[in-house]
Amino acid sequence: MELRQLRYFVAAVEAGSLLKASSRLHVAQPALGQQITTLEDELGARLLQRSSRGVTLTEAGRVFLEHARIVLDDVERARLAVRESTSVPRGEVALGLTTTISLAATMPILSACAARYPLVRLKIVEAYSGFLRERLQSGRLDIALLYDDTLDPGLSKLPLLDDQLVLVTEACCDLPSTVALTDLARWPLVLPGREHGLRRLIDEACAQLGVEPNVVAEIESLTSVKRAAEAGIGHTILPQGAVAQEVADGRLRSVTIDRPRMSRRVICATNTTRPTSAASSAVSRLICQVIRDMVESGAWPAVWVKPSDAAPHPS
């Protein structure tokens, strides 16, 4: 199996026909088609269904396409890593953030990266932790910031901070500065759906006390959850860092929940089984510094986990 064959196969899929792919690659169509046929013979499976209208992927082709792209991406990373070893960090770095972390950290990270590493292009992916872990393990992300401290095969996780969960209300709401978790049964709540990691943590904490939260609406968009709280539709529960700006602006109010372990640990995860570029290593170090500065300045109200207590552990 040759890299040339993988490139020809991916190009044919993206172009939709051998003719268009041959034109883009400046390769004769018969030669391109023969290389793909040789690849299929080696794999023992038909990858493309050919017709007068072009080519379409077979089921085997769909499976192979993802692997071919990962191999070609790794080759490109290796090429860039060699070039970067004697130069300033450059190239693309794919960073995954959960939505709640993204609300607090995206802009500070983007600003710091643009200032420190102008030749690095950040690709930001915002999704649930499970989706980000899957993309990190498959090599489609270089770094991920997650609310997660569990073990995962092939991942190294550096704990960064503990983000306290708070009750979030409209700014004019007349509540004491601290409330008990048992009080949640009395007030209307707007929360993410049950599959969301934040919602699972809330439900588990309530279940331990036999509390049934009064959920009046489930909203997947955390931005919309905050807007609902601001409009007085219901209270919500979010990490304090996710509402720091709105609280500072006087648009929302945060209230301490008198319950131990109502916090989420933010970790920086990387894949230990895949090659790391100079750019991704530099960005990873920069992200940790940016977030620590935010915690120490109060921009992200959280508890920083000291490096001596937070050595990265491979899973």
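Here the numbering used here is used: the first residue of the sequence shown is 8, the next is one more, and so on. We put the CB at the ideal spot given by N, CA and C, even for glycine.
TODO: Report the partner residues of R128 according to the DSSP bridge assignment.
DONE: E99
Task: L259: first and last residue of the uninterrupted alpha helix (DSSP H) it sits in - done: Counting along the chain, L259 falls outside any alpha helix (DSSP H), though it belongs to the beta strand (DSSP E) covering L259 to D265.
Task: Contacts around I209, its chain only, beta-carbon distance under 8 Å, and the 5 residues preceding and following it disregarded - done: L172, L198, P220 and I244
Open item on the list: Given this structure, state the Cα-to-Cα distance separating S109 from M8, to the nearest angstrom.
Closed with: 41 Å
- [ ] Identify every run of the beta strand (DSSP E) within the region 38-70, keeping only runs that are complete inside it and at least 3 residues long; order them along the chain.
- [x] 55-58 and 61-64
Task: Contacts around L216, its chain only, beta-carbon distance under 7 Å, and the 5 residues preceding and following it disregarded - done: L188 and T189
TODO: Starting from the Cα of G257, find the closest Cα among E177, A134, L158 and V302 and give me that residue.
DONE: E177
TODO: Measure the Cβ-Cβ separation of L158 and L139 and say whether it is below 8 Å.
DONE: no
- [ ] Please go through the same chain and pick out, in chain order, the residues whose beta-carbon is closer than 6 Å to the beta-carbon of D149, but skip the five residues on each side of it.
- [x] V100, A101 and S287
Open item on the list: Does the structure place the region 125-142 close enough to the region 74-85 that three or more beta carbon pairs sit under 8 Å?
Closed with: no
Task: Environment of G98 [buried if 16+ CB atoms lie within 10 Å] - done: buried
Task: Neighbour-count burial assignment, S261, 16 or more Cβ in a 10 Å radius - done: buried
- [ ] Could you work out which residue in V95, T277, W307 and S231 is closest to P246 when comparing CA atoms only?
- [x] W307
Task: CB of A276 within 8 Å of CB of L143, strictly - done: yes
Open item on the list: Beta-carbon within less than 7 Å of R335's beta-carbon, same chain only, minus the 5 sequence neighbours each way: which residues are those?
Closed with: Since the first residue shown for the chain is 8 and the last is 322, residue 335 is missing from the structure and cannot be characterised.
- [ ] On a CA-only basis, which of R53, A251, V223 and A249 is nearest W194? Give me that one, please.
- [x] V223
TODO: Determine which residues share a DSSP beta bridge with D169 and list them.
DONE: R272 and V310
Task: Outcome for V302 when other beta-carbon atoms lying within 10 angstroms are tallied against a minimum of 16 - done: buried
- [ ] Ignore the nearest five residues each way along the sequence and tell me which others in R201's own chain have a CB closer than 8 Å to its CB.
- [x] R207, D210 and E225
TODO: Using the Cα positions of T45 and N278, report the straight-line distance between them to the nearest angstrom.
DONE: 33 Å
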